[in-house]
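Novice: 20 is the number of the first residue of the sequence shown in this note's numbering; add one for each residue after it. Sending over a structure as C-alpha cells; questions will come in a sec.
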Amino acid sequence: MYQVVENLNNIINEIPKSVKLIAVSKTKPVETIMHIYNSGYKIFGESKVQELIRKHEEMPKDIEWHLIGHLQSNKVKYIVPFVSLIHSVDSFKLLKTINKEALKIDRKIQCLLQMHIAEEETKYGFLFDEIEKIIQSDDFKALKNVVICGLMGMATFTDDEEQVKKEFTYLRKCFEMLKSKYFTQNYEFKEISMGMSGDYRLAIDAGSTMIRVGSNIFGIR
Ligand SMILES: *Cc1c(COP(=O)(O)O)cnc(C)c1O
20 MYQVVENLNN IINEIPKSVK LIAVSKTKPV ETIMHIYNSG YKIFGESKVQ
70 ELIRKHEEMP KDIEWHLIGH LQSNKVKYIV PFVSLIHSVD SFKLLKTINK
120 EALKIDRKIQ CLLQMHIAEE ETKYGFLFDE IEKIIQSDDF KALKNVVICG
170 LMGMATFTDD EEQVKKEFTY LRKCFEMLKS KYFTQNYEFK EISMGMSGDY
220 RLAIDAGSTM IRVGSNIFGI R
C-alpha cells in the first residue's frame, strides 16, 4: 500500500466517525493525491486558489474540494462553480462577494466564518464581536446564496498544549454561543473546523467536527 494511503487510514481509524477529515493536499502533486483518491477517499483541502483550480481541472470531478486558505474577493468567481466548503471566510465583503457570484450561477455555497483565536498577529479571522455584528445586520439577512455552516480557527503554533487547548475551547464556546443565540432553528450551523497535524487530538477533545490534516498524511512540505 502507498504510504500516504496508510497514513490516511491510520488517522481515519483513530478519530471518531463523527469527525470529518480534510486531507490537505497543498503543494503535493496530482499523482500523489491520486493514490489517495484511488483508495476511495475524496475529500481534499487546498489553501491557494490557483492550485485549487488547477487540481480541480486535472482531477476527477467527484472530489469534494475545500478551500482552507485566505481568499481574495476577485478570485471568488473561479471557485464558486465547484467548491464544496470555504473554511476561510474572514471578511463581510468576502462573504457578500461569494453570495453575489453564487447567485449568478444559482448555487448555494457552504461557508465557515474564520475566527482569530491564536496569539499570533498574522493569522486572519474575525473576533467574536465582529461576527455578532455581521449576523445582526440586514445585509447579512439578505444573503440567500451562502450557507453559514459554522466556524473555523487555527491555534497558536506552540508546544504549549494548555495554550492550544484553551484556544480550541474558546472557539467551541463561541460556536455554542452563536448557535444558541442565532441558529437554534438552523441545523446547517453545526461545524467547528479546528485541528491540524500537530494538534488535531486536542481539537477533537475540545469538540472539533472537522480536522484539516496535511503533513501527517503527505509528509513534510
Ligand atoms: C496547511 C494547513 C493545514 C494543514 O497543516 P498540517 O500541519 O500540514 O496538517 C490546515 N489548515 C490550514 C488553514 C492550512 O493552511
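Beta carbons are placed, not taken as given, at the ideal position from N, Cα and C, and that holds for glycine. Bear in mind that the values here come from a model prediction, so they are computed numbers and not experimental data.
Please determine, among 128, 133, 219, the residue with the shortest C-alpha to C-alpha distance to residue 147.
Specialist: The candidate whose alpha carbon is nearest that of residue 147 is 133.
Novice: In terms of residues, what are the limits of the beta strand (DSSP E) holding residue 75?
Specialist: Taken as a continuous stretch (DSSP letters only), residue 75 belongs to no beta strand (DSSP E), being part of the alpha helix (DSSP H) at 68 to 77.
Novice: Residue 140 by DSSP, collapsed to three states: which one?
Specialist: Residue state, collapsed to three classes: coil.
Novice: Look up residue 134 in the DSSP assignment and give the residues it is bridged to.
Specialist: Partner(s): 145, 172.
Novice: Rank 115, 58, 226 by C-alpha distance to the C-alpha of residue 171 and give the top, closest one.
Specialist: Residue 226 is the option with its Cα nearest to residue 171.
Novice: Using the rule of at least 16 other Cβ atoms within 10 Å of the residue's Cβ for burial, across every protein chain shown, is residue 232 buried or exposed?
Specialist: Buried: at least 16 other Cβ atoms inside 10 Å.
Novice: Confirm, please, whether the CB-CB distance from residue 126 to residue 99 is below 8 Å.
Specialist: Yes, the pair counts as a contact, with Cβ atoms nearer than the cut-off.
Novice: How big is the Cα-Cα spacing for residue 135 and residue 52?
Specialist: Cα to Cα, residue 135 sits roughly 30 Å from residue 52.
Novice: Would you mind giving the Cβ-Cβ distance between residue 64 and residue 43, rounded to the nearest angstrom? I have them listed as a contact below 8 Å.
Specialist: Yes, residue 64 and residue 43 are in contact; Cβ-Cβ is about 4 Å, under 8 Å.
Novice: I'd like the list of long-range same chain contacts for residue 23, defined as Cβ closer than 7 Å, with 5 residues on each side in sequence excluded.
Specialist: The answer, listed in chain order, is 51, 54, 55, 236, 237.
Novice: Output the residues surrounding ligand 1, defined as those with a CB atom closer than 5 Å to any ligand heavy atom, in chain order.
Specialist: The answer, residue by residue, is 43, 66, 87, 215, 216, 231, 232, 233, 234.
Novice: Considering only residues of the same chain and omitting the five flanking positions on each side of residue 75, which have a CB-CB separation below 7 Å?
Specialist: Same-chain partners within the cutoff: 84, 101.
Novice: Within the continuous alpha helix (DSSP H) that includes residue 159, where are the two ends?
Specialist: Start and end: 157 to 160.
Novice: Name the residue from 118, 211, 112 whose alpha carbon lies nearest to the alpha carbon of residue 106.
Specialist: Closest by alpha carbon: 211.
Novice: Could you have a look at residue 240 and say whether DSSP puts it in helix, strand or coil?
Specialist: Three-state result, residue 240: coil.
Novice: By DSSP, does residue 34 sit in helix, in strand, or in coil?
Specialist: Looking at residue 34 - three-state DSSP - the assignment turns out to be coil, as it is neither helix nor strand.
Novice: For the candidate residues 88, 202, 157, whose alpha-carbon lies nearest to that of residue 168?
Specialist: Nearest option by C-alpha distance: 202.
Novice: Would you give the residue range spanned by the beta strand (DSSP E) that residue 230 belongs to?
Specialist: First-last of the beta strand (DSSP E) with residue 230: 229 to 232.
Novice: May I ask you to report which of helix, strand or coil DSSP gives residue 106?
Specialist: Strand at residue 106.
Novice: Identify which residue in 166, 206, 218, 158 has its Cα closest to the Cα of residue 186.
Specialist: Comparing Cα-Cα distances from residue 186 to each of 166, 206, 218, 158, the minimum goes to 218.
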